[in-house]
Every structure is written in C-alpha cells, then in structure tokens.
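*Asks:*
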Amino acid sequence: MHGTPPVLLSEVDALEKIPVLPQIEFRGVTKMYGAVAAVRDLSLTVRRGEFLTILGPSGSGKTTALMLLAGFEAPTAGDILIAGRSLAAVPSYRRDQGIVFQSYALFPHLTVTRNLEFPLEMRGINAAERTTRVRRMLERVHLAEFGGRMPSQLSGGQQQRVALARALIADPPFLLLDEPLGALDRNLREQMQVEMKSLHKEFGITTMCVTHDQEEALTLSDRIVVMRAGRIEQTDTPEALYDRPATCFVANFLGEANILENPGFKVESDATPPSGTVAMIRPERIYVAAGSAPKRADADQRQYVAGTVEDMIYAGPLRKYYVRVGRSVLIVREHVAAGQQIFRSGDEVRLDWLRCDVRFVTA
Amino acid sequence: MKTFQKFGQMPIVLTVPALAILLVVFGIPILLLFLTSINAPDFSAKNYYMFFGQPANVRVLFQTIEVSVVATLICLIVGYPTAYLIVTASKSVRTTLIVLVLVPYLTSGLARTYAWIVILGDRGVINNLLLQLGLIHSPLQLIYNTTAVYLGMVHIMLPVMILPLVSAMMGIDRSLMAAARSMGARPLTAFWRVFFPLSLPGVRSGSLLVFVFCLGFYVTPAALGGLGDAMLSNFIAGQVSSSFNISRIATSAFILLAVAVAVLSMLGLNLMGAQARAAAPARRSWVVRLPILGRLKRYFGEFPNPYRAKLWTTQLYQVGDDSRLSNVFGTVFVLLVMVYLHFPGLIVIVMSFSAGTFLEFPPTGLSLQWYRSFFADPSWNGAAWTSVQIGVAVTILSTIVGTLAAYGLNRTQPRVRGFLTMAILTPVTIPVIVVGIATYLGLVNLGLIGSKTGIVLAHSIGAIGIVVVIVSATLANFDRRLEKAAKSMRAGPLRTFMRVTLPLIRPGIVGGAVFAFLQSFDEFVVTSLVSGYSIRTLPLKMYENLRNQIDPTIAAVSSLLMLVPVLWLIVLYLTWWRSRQRDHHPLPELAA
C-alpha cells in the first residue's frame, strides 16, 4: 500500500512477521489499579493505516490504554494484538513502535541529532546510514540546521517536531501519540495539526492518539473513540460523532449541546423518540428572530418557540445568545453577518429549528 | 518603618550582620593564618618546605587523601545502587527509605562512632558472640585499625552520598526511560545511555561533599583507628594542644585546604564532560570566568542538595509503576544497607538498658541505671544543659541573621548574590579543622576563648550558612508576585513581609532553625579547640568517654541522642506537611 521498506522489522525478531501497516486490536482489555479499574473490558480496533484518536476527560482511562499498547503497563485481563499476534510477552523495547510523549521526553543530555539517532542505534543501524536518515528526517521536519542544538535550545514547536521525527525515523509499524499538541499555544497547535496531518498522509502509518482536546481529535482523526470512566462511550468518524452523538456525555464533550430534558415545552419530532432518551439540539442549528418576524418558507418542517434573551456574548465570528424558553435556557449560536438584528437581554425573541435537526441521546 | 523601607531598596544591607560575624570570627583570622603560613611580611615558602621536609607529615597527608578517596569510592559504590532503588521504589516505600537514610544523617556523629566501638571493641558485640560460641579463645583485634576507620566513616558519610544522588535521580523525567525503551533500548541500555548520564550531577555533588567532609574527619579516625590511622585533622589538633606553633599549624591547615580545592576542581572537571554542554551557556557571571572559582562556585551550588533532599520526606511525586524493589537482589541490597545504617544504633539502644556493671550484649538484665546515672551525674547533665543553652542561642542568632541574609541575597543581583553566598557558605564547605583553627584565632583576638559566647559565635558561622541555604531554597520557590499583590492592596513593605512573605517561607525558616540547632548540638571539632577546657559541652564529654570507655552512661546518652533527629523529623514533617496542605491541591487522579 505504501512504499515504506520493511527493513527494520526483519531485524527485530520478536515482531518480525508484522506487516508494514498492521492492525491493532484490543480484546476485552481490563487494567486494575488496586480496586480501581482504569480501563474496563476495552475492545477496539485500529485499522491499517488509520489515525484513531481516543478522546476523553482525565481519568477516563485513555492514557492507560496507550500505556498498555506501548507495553509500559501490563493488562490485568484481555489481550492486545498487532496484526493478529498477541503482545503479552513482548516487552516495550521490542514492540518496535514510535511514541510521541506528552512532554516530548527528548533526552536533555543529547543533541537533536543524537536524539534522532537513538532509535536507529538501538536497532543496530550503522553510523553512515544513521547520518543519512537523520539528515533526511531533519529536512522533512524543517529542522535541518538544528541538528547540533540541545533540546533546551529549541522552541516548543521545534521540540514537538523533533519528538515526532524521533518517533518516525525508524519506520515503526505504528505510532502512538500522547496529547501530542497539548503543550503548544493555540496558533502553533493549529499549524502543527496541519503538519501532523500531512506527515500521517505521507507515512500512512497506523496511528493511535490519545487526547482530551476535542479540536485536536476532530481535525486529525479518521475515527474517534470517546471514553469515559474506563469504558468506550461511542466510536465513529468525527463528523458522525458530532452530528449523531449517542449519549449526553458525547454530545456535551464534543462541542456544545442543548439537552432538552423536561424543558417545559413540547419538543416536536418526526420520529417517536426511543425510550430512555432525551432530545438534543446543537446551538448552531437554532435560529433566532424577532417575535414579529415572518416565518420561513419551510415552516411546516420547523418548530417555533418564543423566549426571552437572558444574555448575549459576542465572540468574533460568532454571537451566542442565552434564551429562556419555558423552564430551560437554550444556547443559540449565530454567525455574525451584515444586516443582522442584534438582540439584548430582555428582548422577546422567537427561536426555530428544523425538526430533523433534533437528536435523541441516552442520558 | 523608614529604615525598613530603605532596606527594601537596598536588600544587600540585610546580609551585613551575617557577613560581619563571618568576617570577625572566621574571615579575618583565616587571612591572617594564610599570611602566617607564607611567613609575612617576608613572604617565603619556608613553612611549606619544612612541612614537606618531614616524611611523617607527608605520610599523614597522603594517608588523609587516600582514606578520603577510598571512603568516597565506597560510599559511591554502595550509595548509587541504594539511591537508584530508593527512587524506583513505590511511593510509600520510597518515603520510608528516605526517612531511614535521613535519621542517621541527623544523628550525632559521636553517638554513631560510639556504636562501632561497642560492636567492634575487645569486649564488643562481635567478640562476645564469638567467644560465647567458642569459635575464638581470645578477642579478635577488630578495632583500632584502618578497616574500622572505613566502617565508621562510610557509615557516617553514606547518607551524605545518598541524599544528593536521590535528589538528582528524582529530577530525571521518568518518561525519558519510557521513551528510550519505546525506541528499542533494553532496560540496561536505557539505564546507561539515559539514566546514568542524567544522574551524573548527583554523583558529582555527592562525591564532592563526602570527599571534603572526609578530609576533615577527626573523631572517627581518632576513636576507631590505630596510632597509624591519624588523619591531618588529628595531626593539626595534636599540634594545637601540644606545641602551639602558629606558623606550622597554619601551614598544615592550608595544605589541607589546598588538597580540598585541588581535588574539587579535578573532580569537577572530569565528571563535567558531557554535562557541560547540556548546561545553559547563558548567564555566566564574572565568578565563572576564573576557572578555579567557577568550579568552586559549582561546588557551592551543589552544597545545598542534601538540604533540598530533606524536603522530600513530605514532598514526593508519583513516578511509574515499575518497582525494582520487587527484584529480590534489590530488596536484599537495600535491606543490607539499611541494616548497616541502623543496626549499630539499635545495639546501643538495647545495651543502654543493661543491668550489668559494664556493657554487654545481649544484656543479662534490664534496668534504667545508666539513664539514672545520666540524669543524676552533674558532669553529664551539666554538659547536656550547656549544649542545650548554646544550641538555643545559636539557633536564635543564626536563624535571624541567616534569614535576613537569605532574604537580602534573594533580592540582590545575581552576580553579587553568587559571590556573597559563596562567602557565607565557606565555613560549612571546607574541612572543619581549618574552620576550627581560624575560629580559634578569631576568638583569641576577641578574648572569647573558653566562654559560652565564644562557642556560640563559633557554631553560628556554620549554622548561618545552613540557614541561608535552606531559606534561600524556600525563597527561590516563593512567588514574588504575591508581594506585589499585597502591595497593590495597600500593604506596606513591613506588613507585606509579616503577613505574606514570612508565613509562606516559614517552613524554610523552621527547617533552617532545626538544622542550625543540630549543627551546634553535635559540633565537636571546633568546640574542642575553642572551649579552652573550661566549658564542657555534651559532645566534648562524650568524646572524653569514648576514648576512655569507662562510663557506660554514654550508651544511655547516645540512645537519647538518637531520639533527637526523630523528634526533629516530626517537627519538620508537621510544619512542611501543614504548609503543603495549604499550598497544594490534592494530587491528581492516578490514571488519566
């Protein structure tokens, strides 16, 4: 599928039969810390060449899952397989993986070049070959002239790129990312997201990423696994996950959500809501207008409710209204555009949304 | 109020009391001593020729160096694995082990040396046991030889080696080891390529501290060694008491000092190697430009390490789960080290309850007679009372003066700060006998030999250094924006200090006070020189007994002295723990 030469793999006997792009599989993996289960009966598959992100708040067990795959922790029960082979007996230093650590874990006593050489050296690659590969990799991450620097002499973004380069340089069959962009400021993070995306495309490497940052997850991933308290809450593509969250937790964790549980007005919908679910609608699917404004052409597909503006927040390209309707306060998000009527707190308004935009999530 | 505001603008003024005491008691005399040794005003190396002209002198000099080097190496070989095992142990085990290393570190050196006499002596534990078992018929000569000196010295110095090592190792980011392993490094390779190079600063500071302390060793070689095991300290002290020839004494003292400085710079040079590149190249003060001074400065920078290490009994962070203590060898090794550190003390405690007329192990009966004897005998309780009085005076003086100095230094510009800190730390970082000789001279000039005031001053120059180290470390972590915040709320400089700064640095001040007291309470070498035979402190009285071994009361005294650090640790734990409760939020959850 990709042109990565499988040279290195043959040198590591424990995993020599691993294909270039393996599939990673968690089968009923449980990890207990004393009486606490950090990960409970976790089953998931990272497909060949896929970028899969485990997303969850702290304490959800996502880091434990990564540590288990990396071999720094052993599962209490269950098994992890790479290309169908169990990893149980393979120590971390023979798993032939690339890891980008949260704090980068660059060796502070070695130069950038020596840091990059380290994984190659451990695989017994000769000095000439190492030099070539390090030079190529440094060029690839735009750090060609920084090889002689110590990690402490690099900026945060540069350190991040070195960490990524070090993880990729030995052509590992899979890549693990632990909150890879967490330590960067906002602008740099967006820049690095693009860079990582293109690197993933170029190397086509099976990647598992762990983060609590929803934006990071949405932009980078092919699929996202949302975890909560050691269990998988939902697995899907970023778009599907945002558009059709299965639970309240997912709806709230990815973006903002209006959960209409006992809202004080009837929520209309085309289908009968499944039992045990509540209605949810995203703030950007709700429109706000003056109470007297004429209704739209597709009014028969919409639900209209009257409310009172409690607050308005202006946030650059967006304007957010908090509107009291019945017993609940709905968040409405509107893109700022010319000629819009701006409402102030106390104004009477009319909200409307398409009935098909209402989702039902389990509580 | 006005004066305080002026101090606020001229923080360096706060260091004046500390520097004044230091200069009068130690600084000027040591300069005079140096001038004497070079035969001022004629300036010749005559005294040095004379010193090296006598083979006996040269032999003692080389023996001192040899013993110090060997003892340092033994400490390193035993201490490094111990520190490594401590750092990689689980959190609760680690805390326990650090406390177990700290307790002997804080225990009176005399009491610990006494324990070895009890174990190795002709009627000591080992000989008694062997005699009773019928394995030998006459006592073995276990004491008064070089092996006994090494046993005793390593016993005392091991914590000084372990604590900076633990300090350096705790600072190593554990994810680096994980990273190395993820890149295919086997555990041993990861250790040599990543962990070991990063732990070298600890190796360096531990070795330097142990080596310099060893150079100044006095009690242990005298009490455990034979006639041929005298070190330069004993030699110098002997000259003081027999024929007081100031130029010869000054010469010997400066030769010892020169050895210390020379080996310090060599060690600093060799071990720096890889590390030097890693160090941030910027911010080099003028001090560093002179190579020797630069190395010395680094040494002074390392001196605080064991004191920082002490803060961890309460402040430990979580590391990975791979507890190497699960390894059988590791467990056995650590157990052996802990037995070595604690067994002698425990023997003394058991024997102090002996009912016999002389010490024996195991005791034939239990009684409190030696404790009664301690509290009843005026020569014992008088000595203890003198030590407490002096200790309290030293604590008060050095805590106030030292805290002022640390506060002043913290607010001075870095260049001046580095130089002044170096000056203030000198008395605690050079061989103690040199300090003793200089102080002796200083107190003679002040007419304070044989007075309690004199002893208090002599102890204070060291104690101030310790207070400065500990309070400075606390101040370095103090967020100065808090003071600005207080001032923005209309608090004046004095009120800001009293209401904001002082409460936040209190743990450091309490720690400084505790160590100042211990420094004074256990001081022997300097005291013996400046007491003029008229004042007897507890260590002096103990040493006298140690030599003559007549009065088993010393076992009871030693046992009581072993309680002191435990009490102090509790005090420290309570202050530091309470301040932590306030400063920090509960630890984040285990697995994120």
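If you read the sequences in order, they're chains A and B.
For any residue, its number in the numbering used here is found by taking its place in the first sequence, counting from 1, and adding 4.
For any residue, its number in the numbering used here is found by taking its place in the second sequence, counting from 1, and adding 627.
A virtual CB, placed ideally from N, CA and C, is assigned to each residue, including glycine.
1) Report the partner residues of Trp357 of chain A according to the DSSP bridge assignment.
2) With distances taken from CA atoms, which of A:Glu125, A:Pro123, A:Phe364, A:Glu237 is nearest Ala261 of chain A?
3) Pull out every residue of the region 796-815 of chain B whose Cβ sits closer than 8 Å to any Cβ of chain A, in chain order.
4) Skipping 5 residues on each side, what residues in its chain have a beta carbon closer than 8 Å to that of Trp357 of chain A?
5) What residue does the beta strand (DSSP E) around Ser36 of chain A start on, and which one ends it?
6) Where does Asp1178 of chain B land, buried or exposed, given buried means 16+ other C-beta within 10 angstroms?
7) Kindly indicate if chain B contains any beta-carbon less than 7 Å away from that of Pro177 of chain A.
8) Give a yes or no on whether 7 Å exceeds the smallest Cβ distance from Pro1130 of chain B to chain A.
9) To the nearest angstrom, report how far apart Val886 of chain B and Ile692 of chain B are at their CA atoms.
10) What residues from chain B crowd round Gln101 of chain A, counting only those whose CB sits closer than 8 Å?
11) Please state whether DSSP places Tyr291 of chain A in a helix, a strand or coil.
12) Does Ser96 of chain A get closer than 7 Å to chain B when you measure Cβ to Cβ?
13) Taking all protein chains shown into account, do 16 or more other C-beta atoms lie within 10 angstroms of the C-beta of Asn754 of chain B, making it buried, or fewer, making it exposed?
14) Considering only C-alpha positions, which residue in the set A:Glu121, A:Asp189, A:Glu265 is nearest to Val362 of chain A?
15) Give the single residue among B:Thr958, B:Ile1132, B:Ser860 whose Cα lies nearest to the Cα of Leu1156 of chain B.
16) In this structure, what does DSSP give as the bridge partners for Ser981 of chain B?
17) If we ignore side chains and look at the alpha-carbon of each, how far apart do Val643 of chain B and Leu1052 of chain B end up?
18) Among residues of its own chain, excluding the 5 on either side of Leu968 of chain B, which ones have a beta-carbon nearer than 6 Å to its beta-carbon?
19) Give me the Cα-Cα distance between Val333 of chain A and Val327 of chain A, rounded to the nearest whole angstrom.
20) By Cβ distance below 6 Å, which residues in the same chain neighbour Pro638 of chain B in space, the five residues on each side in sequence not counted?
21) Give me the residue from A:Gln162, A:Asp315, A:Leu46 with the minimum Cα distance to Phe347 of chain A.
22) Do we get a CB-CB distance below 7 Å when we pair Ala74 of chain A with the residues of chain B?
23) Could you work out which residues of chain A lie near Val821 of chain B, taking near to mean beta carbons separated by less than 7 Å?
24) Buried or exposed: where does Arg910 of chain B fall if 16 or more other Cβ atoms within 10 Å of its Cβ makes it buried?
25) Output the distance between the C-alpha atoms of Thr1013 of chain B and Ala1003 of chain B, rounded to the nearest integer angstrom.
26) Does the distance from the CB of Leu25 of chain A to the CB of Gly53 of chain A come in under 7 Å?
27) Could you check the C-alpha separation between Val1061 of chain B and Gly853 of chain B for me, to the nearest Å?
28) Would you mind telling me which residues of chain A sit closer than 8 Å to Pro824 of chain B, beta carbon to beta carbon, in chain order?
29) Tell me whether Lys1168 of chain B is buried or exposed, calling it buried when 16 or more other Cβ atoms sit within 10 Å of its Cβ.
30) Would you mind reading off the limits of the beta strand (DSSP E) that contains Glu338 of chain A?
31) For Arg911 of chain B, decide whether its Cβ has a neighbour in chain A, counting only Cβ atoms nearer than 7 Å.
32) With three or more C-beta pairs closer than 8 Å as the rule, is the region 271-282 of chain A touching the region 310-324 of chain A?
33) What does the alpha-carbon distance come out to for the pair Phe661 of chain B and Gln690 of chain B?
34) With H, G and I counted as helix, E and B as strand and the rest as coil, what does DSSP make of Phe150 of chain A?
35) Tell me the rounded alpha-carbon separation between Leu1199 of chain B and Ile725 of chain B.
36) Is the region 97-104 of chain A close to the region 172-184 of chain A, with three or more CB pairs under 8 Å?
*Replies:* To lay it out plainly:
1) Looking at the DSSP output, Trp357 of chain A sits in a beta bridge with A:Gln307.
2) Minimum Cα distance to Ala261 of chain A is reached at A:Phe364.
3) Residues of the region 796-815 of chain B with a C-beta less than 8 Å from any C-beta of chain A: Asp800, Ser802, Leu803, Ala805, Ala806, Ala807, Arg808, Ser809, Met810, Gly811, Ala812, Arg813, Pro814, listed in chain order.
4) Cβ neighbours of Trp357 of chain A beyond the five flanking positions: Ile285, Arg289, Ile290, Tyr291, Arg306, Gln307.
5) For clarity, residue 36 of chain A is Met in the given sequence; the question names Ser instead. In the DSSP assignment, Met36 of chain A falls within the beta strand (DSSP E) that extends over 28-37.
6) Buried.
7) Taking Cβ atoms only, chain B never reaches closer than 7 Å to Pro177 of chain A, which makes this a no.
8) Closer than 7 Å: no.
9) Distance between the alpha carbons of Val886 of chain B and Ile692 of chain B: 8 Å.
10) Those are Ser809, listed as they occur along chain B.
11) Correct three-state label for Tyr291 of chain A: strand.
12) Yes, because at least one Cβ of chain B sits closer than 7 Å to the Cβ of Ser96 of chain A.
13) Asn754 of chain B sits buried, since 16 or more C-beta atoms from the chains shown fall within 10 Å of its C-beta.
14) Each of A:Glu121, A:Asp189, A:Glu265 was checked against the Cα of Val362 of chain A, and the nearest Cα belongs to A:Glu265.
15) Here the closest residue by C-alpha is B:Ser860.
16) According to DSSP, residue pairing for Ser981 of chain B in a beta bridge involves B:Leu993.
17) The alpha-carbon atoms of Val643 of chain B and Leu1052 of chain B are separated by roughly 15 Å.
18) Excluding sequence positions up to five before and after Leu968 of chain B, its CB lies within less than 6 Å of the CB of Pro731, all in the same chain and listed in chain order.
19) Roughly 5 Å between the two C-alpha positions.
20) Beyond the five residues adjoining it in sequence on each side, Pro638 of chain B comes within less than 6 Å, by CB distance, of Gly1035, Arg1038, Thr1039 in the same chain, given in chain order.
21) The shortest CA-to-CA distance from Phe347 of chain A to any of A:Gln162, A:Asp315, A:Leu46 is the one to A:Asp315.
22) Chain B contact via Cβ: present.
23) The answer, in chain order, is Phe111.
24) Confidence in Arg910 of chain B is poor, its pLDDT being 34 and thus under 50, which makes the residue's placement too unreliable to answer from.
25) Using only the alpha carbons, I get a separation of about 15 Å.
26) Less than 7 Å separates the beta-carbon of Leu25 of chain A from that of Gly53 of chain A.
27) So the alpha carbons of these two residues sit roughly 23 Å apart.
28) Per Cβ cutoff of 8 Å: His113.
29) Buried, because 16 or more other Cβ atoms sit within 10 Å of the Cβ of Lys1168 of chain B.
30) That run of the beta strand (DSSP E) goes 332-339.
31) Any reading at Arg911 of chain B is ruled out, since the residue's pLDDT is 34, under 50, leaving its predicted position unreliable.
32) No, the region 310-324 of chain A does not touch the region 271-282 of chain A.
33) Approximately 24 Å between the Cα atoms of the pair.
34) In the structure shown, Phe150 of chain A sits in a helix (DSSP, three-state: H, G or I).
35) In a straight line, the C-alpha of Leu1199 of chain B is about 14 Å away from that of Ile725 of chain B.
36) With a cut-off of 8 Å, the region 172-184 of chain A and the region 97-104 of chain A count as touching, because enough Cβ pairs lie within range.
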